[in-house]
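According to UniProt numbering, the sequence shown is numbered sequentially starting from 1.
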Amino acid sequence: MEQRKNNFTSLLLYSLKSKKNWFLLSTVIILITTTLIPFILGIEGEVFIAFGIVEIFILVFVNCLVDNSFLHNDSKLAYYKSKPVSLKNQIFINIINNHILTVFLLALVLLSKTVQNSAIELLEVYKFVIPWLSVGIFLSALSSVLSGNTVAAGLMTIFNFALPGIFYLIIYFMFSILADLIPGFSADVLMEYFVDAFYKLDYIYLIVYTYNRTIDVLYFLILGSIIAFITLLIIKMVKRRKNENTGSFMAFDGYKYFVAVLASLIIPALFTMEFYGSVVSKMTVALLLAALSYYLIIAIMEKAFRISKLSIKVFLVSMTAFIVLTGATVLIATPYKNTVPDSKDVKVAYIGVGGWHYRVINNAIKEQDVLDDEKLAEFEKRYNDINAVLFKNKGNIENITRMHREVLNNQGYNSQNSYMNNMTINYYMNDGSMISREYRTINDANAENKVKDEIAAQILKSDELKEKTYFYLYDEDYFQRYKDSYKLELRDESGTSIDGNIDMEQLRLHLIKDIDGMFNYSVDGAFEALCSYDYQMPSMEKYSGYIEISIEDGRNNRGKSYYSINLGERFVNTREFLGIE
């Protein structure tokens, strides 16, 4: 045992000494790009520091592949087998060497940052860069064991590092199929929920620690678990590796099929997410792309145009499993297809466009418990400027449920526009749960618009909508509290500031008068206005400058809130007050 330990240590030291030229070359590259070039140019070095980090990834990646290339050459493999240290220990010697190189290069970049007194928060960046580099070194070793040549090892290192993201994409693909088959379900919302509840991708990649979050025990637990899992795989795969496959693309047939199946799903997933058409056509194209991708990948790996029967069986079984799993999600979701809550069970509701409101609002509710009655009003004002108007009035909530039932009954709408936005409906229930739906409106020349427009007009004409959208004008308490901090700037059509002293109290009265008239929507086209980003009618009026309002109300990190009001033709009183023709 002592002899083995001495052999391991001796080879480790010898390996480090043999890398002195690589250390020297890496030092020159990092110092020139992160220190010397910015100094000569006389510019701030933040960009070059960032480029230096990218260089570290490249240098370490190349060095890992070079170190483990002995696994892909018969003569080198025979030479290393003749050494007193096992292949497993030789691989771990390379892993240790590359970690030492990584620490050295990171220290060089940190030194460059200190010399330049750069403003970049490098230690914050290192919180995820260091784990990525460490995991990448282990993955490169594992990929070299699994692969038959160095090029394949490089590609598989990238593939394995991206594996959690690939699974994310495939799951999203499944949810997009579900959303196409069952109206009302949004792939984005389903994925948000799945990631939030189960598949915490930001924790897997430790990205969550880039948001000014302090490193904690969980950070080391996640990193340690990932490295331990990869280490166990390396040990197991080294024992099972068939060296007769040296020179081939893959050393393991099972891993070859694993890569081919997952890769064959990536292309159809990307294609169908960008393609709008019938469910049947999308699924047909997806299967064709999957089959073609799988054939090409296997043909390249096996270096033959005719693939084996086993490869065909693996593809058929894999696609069957994917279809069954997707079908299971559809069956689970089907009972909720026509769910419309009773308005009395809804605390607040949102209707409009943009499924991203789900993430913004739901995260705030989860973190701040803002659906508590005392905090709800503050929360509503904070998010009104992104058009996330939460309706609390029971009459509006009832109209939203009526609209929901109408859209379930008929998604068609006769519009003059070639494109229509999806309609998003979110219910925040009294019991703390949430229901989110997103419906794709079909432009149908034969559709009857009357019911949809009438319900939409009632919502759009409500005092609640205008008072929440323009709360900084309508809320008397808010205005009186912050009126001295209101800063106004009038800009013309080109965005140029127009000089002039404006009395905010007088301007407020004229704006309210015009807004009251502006929200007196006609019934025709009201549904399209409800599905727009700012509740505007589809025929946009002539643009005639705008007012910028900044208020020091401490609602965000900047300490100020900013609002902009376009002074279109409907702002008759305001334009007259400001002397705009």
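Glycine included, every Cβ here is placed at the ideal spot set by N, Cα and C.
Model, not experiment: these values are computed from the prediction.
Count the other CB atoms, across all protein chains shown, that sit within 10 Å of the CB of V324; report buried if there are 16 or more and exposed otherwise.
Here residue 324 is taken as the residue at index 324 of the sequence shown, counted from 1. Exposed: under 16 other Cβ atoms inside 10 Å.
Taking N393 and S462 to be in contact with their CB atoms under 8 Å, please state how far apart those CB atoms are, rounded to whole angstroms.
Indexing the sequence shown from 1 puts residue 393 at position 393. Indexing the sequence shown from 1 puts residue 462 at position 462. Right, the Cβ-Cβ distance comes to about 7 Å (below 8 Å), so this counts as a contact.
From E302 to V285, what distance separates their C-alpha atoms?
Locating residue 302 in the sequence shown gives position 302, counting from the first residue. Locating residue 285 in the sequence shown gives position 285, counting from the first residue. Whole-angstrom Cα-Cα distance: 26 Å.
In this structure, does DSSP put R491 in helix, strand or coil?
Within the sequence shown, the letter at position 491 stands for residue 491. In this structure, R491 counts as strand in the three-state DSSP scheme.
Relative to the alpha-carbon of I137, which residue among N430, L287, L65 and H510 has its alpha-carbon at the smallest distance?
What you label residue 137 is simply residue 137 of the sequence shown in a count that begins at 1. Of the listed residues, the one whose Cα sits closest to I137 is L65.
What's the C-alpha gap between Y486 and S564?
Indexing the sequence shown from 1 puts residue 486 at position 486. Indexing the sequence shown from 1 puts residue 564 at position 564. Cα to Cα, the separation comes out at about 13 Å.
Tell me, which residues are paired with R437 by DSSP?
The sequence position of residue 437 within the sequence shown is 437, counting from 1. According to DSSP, which records beta bridges pairwise, R437 is partnered with I425.
Work out the CA separation of Y199 and V208 for me, nearest whole Å.
Position 208 of the sequence shown, counted from the first residue, corresponds to residue 208. Position 199 of the sequence shown, counted from the first residue, corresponds to residue 199. Their Cα atoms are separated by approximately 13 Å.
Find the nearest neighbour of I95 within the set P38, S343 and L16, judged by alpha-carbon distance.
Within the sequence shown, the letter at position 95 stands for residue 95. Answer by Cα proximity: L16.
Is the number of C-beta pairs between the region 311-318 and the region 251-269 that are closer than 8 Å three or more?
Taking 8 Å as the limit for Cβ pairs, the verdict is that the region 251-269 does touch the region 311-318.
Please report the Cβ distance between V54 and T102, rounded to the nearest whole angstrom; I am assuming they are in contact, meaning their Cβ atoms lie under 8 Å.
Numbered from its first residue, the sequence shown carries residue 54 at position 54. Numbered from its first residue, the sequence shown carries residue 102 at position 102. With a Cβ gap of about 14 Å, V54 and T102 do not count as contacting.
Among the candidates E467, V145 and I549, whose CA atom is the shortest distance from the CA of D484?
Your numbering for residue 484 matches position 484 in the sequence shown. Measuring from the Cα of D484, the nearest candidate turns out to be I549.
According to DSSP, which residues form a beta bridge with N443?
Stepping through the sequence shown from its first residue, residue 443 is reached at position 443. Looking at the DSSP assignment, N443 forms a beta bridge with Y413.
Can you grab the Cα-Cα spacing for the pair R575 / K450, in whole Å?
Against the sequence shown, residue 575 aligns to sequence position 575. Against the sequence shown, residue 450 aligns to sequence position 450. Taking the straight line joining both Cα atoms gives about 34 Å.
Need the endpoints of the beta strand (DSSP E) that S564 sits in, please.
For the purposes of this step, residue 564 is taken as residue 564 along the sequence shown, with counting starting at 1. Residues S561 to N566.
Tell me the DSSP secondary structure of F194 in three-state form.
Translated into positions along the sequence shown, residue 194 becomes position 194. Note: F194 maps to helix in three-state DSSP.
For a test of the three-state rule: what should DSSP assign to M250, helix, strand or coil?
Position 250 of the sequence shown, counted from the first residue, corresponds to residue 250. The answer is strand: DSSP assigns M250 an E or B state.
Can you give the Cα-Cα distance for L288 and V330, rounded to whole angstroms?
Taking the sequence shown and counting its residues from 1, the one referred to as residue 288 is at position 288. Taking the sequence shown and counting its residues from 1, the one referred to as residue 330 is at position 330. If you take the alpha carbons of L288 and V330, they lie about 22 Å apart.
Give the range of the alpha helix (DSSP H) segment to which E548 is assigned.
Counted from its first residue, the sequence shown places residue 548 at position 548. From DSSP, E548 is part of no alpha helix (DSSP H) but of the beta strand (DSSP E) over Y546 to I551.
Within a Cβ cutoff of 6 Å, which residues of the same chain sit near I91, ignoring the five residues on either side of it in sequence?
Taking the sequence shown and counting its residues from 1, the one referred to as residue 91 is at position 91. Excluding sequence neighbours, I91 sits near A141.
Can you say whether A328 is buried or exposed, counting buried as having 16 or more other CB atoms within 10 angstroms of its CB?
Along the sequence shown, read from residue 1 onward, the residue named residue 328 stands at position 328. When all chains shown are included, A328 counts as exposed.
So, using beta-carbon positions, are H72 and T150 closer together than 8 Å?
What you label residue 72 is simply residue 72 of the sequence shown in a count that begins at 1. What you label residue 150 is simply residue 150 of the sequence shown in a count that begins at 1. Against a cut-off of 8 Å, the Cβ pair of T150 and H72 comes out as a contact.
At what residue ranges does the region 13-76 contain a whole run of the alpha helix (DSSP H), taking only runs of 4 or more?
20-31, 37-41 and 46-67, all fully within the region 13-76.
Excluding five sequence neighbours on each side, which residues of the same chain lie with their C-beta closer than 6 Å to the C-beta of L206?
Position 206 of the sequence shown, counted from the first residue, corresponds to residue 206. So the list reads F128 and P131, once near-sequence residues are dropped.
Which two residues bound the contiguous alpha helix (DSSP H) that contains G165?
Here residue 165 is taken as the residue at index 165 of the sequence shown, counted from 1. Its alpha helix (DSSP H) spans residues L163 to L181.
Would you call Y562 buried or exposed, if buried means 16 or more other Cβ atoms sit within 10 Å of its Cβ?
Walking along the sequence shown from the start, residue 562 turns up at place 562. By the 10 Å Cβ count, Y562 comes out exposed.
With distances taken between CB atoms, is the gap from T401 to M423 smaller than 8 Å?
Here residue 401 is taken as the residue at index 401 of the sequence shown, counted from 1. Here residue 423 is taken as the residue at index 423 of the sequence shown, counted from 1. Cβ atoms of T401 and M423: not closer than 8 Å.
Can you look up A349 in the DSSP assignment and give me helix, strand or coil?
Stepping through the sequence shown from its first residue, residue 349 is reached at position 349. Strand, per DSSP.
How far does the alpha helix (DSSP H) with N393 in it extend, from its first residue to its last?
Within the sequence shown, the letter at position 393 stands for residue 393. That residue, N393, is in no alpha helix (DSSP H); it is neither H nor E in DSSP.
The ligand PLP and Y427: does any heavy atom of the ligand fall closer than 7 Å to the residue's C-beta?
Summarising the ligand content, the structure contains no ligands, and the ligand PLP is consequently not present.
Just how far apart, CA to CA, sit V135 and S26?
Position 135 of the sequence shown, counted from the start, is the residue given in the question as residue 135. Position 26 of the sequence shown, counted from the start, is the residue given in the question as residue 26. Distance between the alpha carbons of V135 and S26 is about 20 Å.
Got a sec? Which residues, its chain only, sit under 6 Å from N430 by beta carbon, not counting five neighbours each side?
Translated into positions along the sequence shown, residue 430 becomes position 430. Excluding residues within five positions, the ones whose Cβ falls inside 6 Å are D345 and K347.
Under three-state DSSP, which class holds S293?
Here the question's residue 293 lines up with position 293 in the sequence shown. If DSSP states are grouped into helix, strand and coil, S293 belongs with the helices.
Short of 6 Å in beta carbon distance, which residues of its chain neighbour F322, apart from the five on each side in sequence? Order them along the chain.
To locate residue 322, count along the sequence shown from 1; it is residue 322. Answer for F322: no residue qualifies.
Hey, how far is the Cα of I32 from the Cα of A50?
Within the sequence shown, the letter at position 32 stands for residue 32. Within the sequence shown, the letter at position 50 stands for residue 50. Going from the Cα of I32 to the Cα of A50 covers about 14 Å.
Given a cut-off of 8 Å, decide if K113 and L122 are closer than it, judged by their beta-carbon atoms.
Stepping through the sequence shown from its first residue, residue 122 is reached at position 122. Stepping through the sequence shown from its first residue, residue 113 is reached at position 113. In this structure, K113 lies closer than 8 Å to L122 by Cβ.
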